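2 protein chains.
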Amino acid sequence: MATSARRGPYFCGIDAAMDVVAGKWKCLILWELHNYGTRRFGELRRGLPGVSEKMLIQHLREMEEDGLVHREVYREVPPKVEYSLTEHGVSLNAALALLGPWGTERMRRIGAEKVSVDVAATVRR
Amino acid sequence: MATSARRGPYFCGIDAAMDVVAGKWKCLILWELHNYGTRRFGELRRGLPGVSEKMLIQHLREMEEDGLVHREVYREVPPKVEYSLTEHGVSLNAALALLGPWGTERMRRIGAEKVSVDVAATVRR
DNA sequence: TCAGGTACCCACCTGAAGGTAAGTAGGCAT
DNA sequence: ATGCCTACTTACCTTCAGGTGGGTACCTGA
Numbered sequence: 051m052a053t054s055a056r057r058g059p060y061f062c063g064i065d066a067a068m069d070v071v072a073g074k075w076k077c078l079i080l081w082e083l084h085n086y087g088t089r090r091f092g093e094l095r096r097g098l099p100g101v102s103e104k105m106l107i108q109h110l111r112e113m114e115e116d117g118l119v120h121r122e123v124y125r126e127v128p129p130k131v132e133y134s135l136t137e138h139g140v141s142l143n144a145a146l147a148l149l150g151p152w153g154t155e156r157m158r159r160i161g162a163e164k165v166s167v168d169v170a171a172t173v174r175r
Numbered sequence: 051m052a053t054s055a056r057r058g059p060y061f062c063g064i065d066a067a068m069d070v071v072a073g074k075w076k077c078l079i080l081w082e083l084h085n086y087g088t089r090r091f092g093e094l095r096r097g098l099p100g101v102s103e104k105m106l107i108q109h110l111r112e113m114e115e116d117g118l119v120h121r122e123v124y125r126e127v128p129p130k131v132e133y134s135l136t137e138h139g140v141s142l143n144a145a146l147a148l149l150g151p152w153g154t155e156r157m158r159r160i161g162a163e164k165v166s167v168d169v170a171a172t173v174r175r
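As you go down the protein sequences, you meet chains L and R in turn. If you're matching positions, the first sequence starts at 51 in the working numbering and goes up one per residue. If you're matching positions, the second sequence starts at 51 in the working numbering and goes up one per residue.
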């Protein structure tokens with residue numbers, strides 16, 4: 051299920067780590083929060099072109115439950131909620147970081163496209 | 051699809067790397083091949099308790115297509131096929147390695163079980 | 001002669017991941 | 001008074017990853 055993952059039994063540490071980043075947007079959310087430090091819900095949504103509100107919330111909730119993300123609610127109108135990485139989120143992101151260069155190199159090899167602002171605009175409409 | 055993944059457009063390198071390891075057993079296959087260097091189909095199947103033959107083949111084929119795995123066929127009877135990591139597979143595994151300690155730490159935190167030989171035997175039957 | 005081992009292929013099915021589109025609350029600007 | 005902004009929630013629907021259970025070819029040993 052997406053709402054509550056397996057939480058083991060795991061074959062090894064990598065297996066356990068992959069479990070919490072399994073989800074179409076989780077790595078991107080991690081990355082986005084790492085880059086900006088703190089982001090509001092709407093900022094995240096706009097920063098991840100193509101994501102649906104449902105999936106974004108679902109993923110954020112799971113990541114909060116997994117202790118990766120901190121959620122700060124400001125009781126205002128209009129509502130304001132800020133998301134940021136916890137200590138565990140930061141360390142996971144650091145562990146994930148090595149995949150970046152590898153993936154970039156792979157994109158170069160196979161000539162894969164990158165999601166551009168244009169694509170983003172297209173997707174969003 | 052499982053048979054031919056998205057191959058972009060990607061948001062970033064991590065996204066591209068995650069794409070090739072997306073699949074229930076891919077990380078484990080990578081790890082298994084890393085540990086043993088070379089493994090036959092049946093050895094892999096027995097080494098990953100719970101995997102179905104269909105998924106194992108499907109994943110191996112995709113990983114071969116992605117240039118992570120090398121497939122060596124020996125024209126004998128009974129058939130013999132050996133799998134091993136390519137250069138790209140090795141480097142990906144190295145990039146993935148950092149996730150190991152993180153996941154192990156997480157397993158300790160949440161008290162997750164590890165797949166044991168007993169579980170393996172149970173699953174296999 | 002018949003089960004057993006190898007490395008597969010194929011068709012069918014289910015469950016869950018993710019998408020779509022609507023609704024909610026309260027205040028603000030037009 | 002109507003619509004817009006926020007951050008959601010809910011219901012419904014589609015898609016597809018993965019599981020199940022069969023079949024294949026060929027040889028070996030009992």
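In this text, a Cβ means the ideal position worked out from N, Cα and C, and glycines have one as well. Note that the structure is predicted; figures quoted are calculated from it, not measured.
Check                                                                                                                        : Outcome
Complete alpha helix (DSSP H) runs within the stretch 88-136 of chain L (minimum length 4 residues, chain order)             : 91-97 and 103-115
Within chain L, the residues that Tyr133 of chain R reaches when beta carbons sit closer than 8 Å                            : Result: empty, since nearest Cβ-Cβ is about 18 Å, beyond 8 Å.
C-beta atoms of Val70 of chain R and Cys77 of chain R nearer than 7 Å                                                        : no
Candidates R:Arg90, R:Asp116 and R:Gly97: closest to Gly58 of chain R by CA position                                         : R:Asp116
Stretch-stretch touch, CB-based, cutoff 8 Å, three pairs: the stretch 144-155 of chain R with the stretch 144-156 of chain L : yes
For Lys74 of chain L, the three-state DSSP class (helix, strand or coil)                                                     : coil
Test item: CB-CB of Phe91 of chain R and Val165 of chain L under 7 Å                                                         : no
C-beta neighbour in chain R for Gly58 of chain L, strict 7 Å                                                                 : yes
Cβ shell of Glu114 of chain R (< 8 Å), same chain only, five flanking positions each side left out                           : His120 and Arg121
Environment of Ile160 of chain R [buried if 16+ CB atoms lie within 10 Å]                                                    : exposed
Cutoff 7 Å: Leu78 of chain R Cβ touching any chain L Cβ                                                                      : yes
Glu103 of chain R, buried or exposed, once every other Cβ within 10 Å from all chains shown has been counted against 16      : exposed
Buried/exposed call for Tyr124 of chain R, threshold 16 Cβ in 10 Å                                                           : exposed
Nearest-angstrom Cα separation, counted from Leu118 of chain R out to Leu135 of chain R                                      : 6 Å
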